[in-house]
């Protein structure tokens, strides 16, 4: 149980995909402008990334590539990522039909914007079994959700504040993200 908790907290805080590995920066910054959208994408990441990590782990073990051809695993994983995100998009259409017309364009960005493939590859590097892959995927999804909601909170707190005109909007969010990156980067042990 301690190992699972360590693996989960390590994936959320120490190996956070956005602030440590810089994966999925574009959707994290763009989608954090409104709290309802950030919450929706946080939910999507909590469901999609663990499922994707588990399925990618099983697919990787099914096609056991020799060490010289390990780079080909990415070619095997992209169809899996696309299929799972299309299924997730259709599920989102059923659950939240109002959400799709305005923000449905960002779901492919979630897939191709390096978050999903990066999380899958990080999971495959670290996981020794299917359970570890699922827990690591859940931690990486929760780490993305954490940063997404933190940035949405920054937007909410800054909107009524007296921020200089040159820092309003994007620049102050980028500065906040840089501070988050430094804070989370302090948890990583140097090699």
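In the numbering used here, the protein residues as written are 4 to 194.
Even glycine gets a Cβ: it sits at the ideal position worked out from N, Cα and C.
So what's residue i in DSSP terms, helix, strand or just coil?
i, result
"residue 21", "coil"
"residue 165", "coil"
"residue 4", "coil"
"residue 34", "helix"
"residue 101", "coil"
"residue 58", "helix"
"residue 81", "helix"
"residue 117", "coil"
"residue 68", "coil"
"residue 130", "coil"
Given that a residue counts as buried once 16 or more other Cβ atoms are within 10 Å of its Cβ, and exposed if not, what is residue i?
i, result
"residue 96", "exposed"
"residue 77", "exposed"
"residue 93", "exposed"
"residue 84", "buried"
"residue 182", "exposed"
"residue 132", "exposed"
"residue 68", "exposed"
"residue 12", "exposed"
"residue 179", "buried"
"residue 159", "exposed"
Between the options, which lies nearest to residue i when the distance is taken from Cα to Cα?
i, options, result
"residue 147", "45, 34, 36", "45"
"residue 136", "177, 159, 31, 62", "62"
"residue 33", "186, 172, 129", "172"
"residue 74", "56, 118, 174, 127", "127"
"residue 38", "89, 151, 25, 124", "151"
"residue 98", "52, 186, 47", "47"
"residue 30", "4, 72, 119, 54", "119"
"residue 86", "51, 60, 65", "51"
"residue 142", "82, 123, 169, 64", "123"
"residue 36", "168, 155, 187, 164", "155"
"residue 207", "4, 64, 59", "Since the first and last residues shown for the chain are 4 and 194, residue 207 lies out of range."
Sorted by chain position, which residues of the same chain lie with C-beta nearer than 6 Å to residue i's C-beta, five sequence neighbours on each side aside?
i, result
"residue 184", "22"
"residue 138", "7, 10, 11"
Excluding sequence positions up to five away, which residues of its chain have a Cβ less than 7 Å from the Cβ of residue i?
i, result
"residue 153", "183"
"residue 145", "15, 49"
In its own chain, which residues sit with a C-beta less than 8 Å from the C-beta of residue i, not counting the 5 before and 5 after it?
i, result
"residue 121", "20, 24, 26, 27"
"residue 166", "175"
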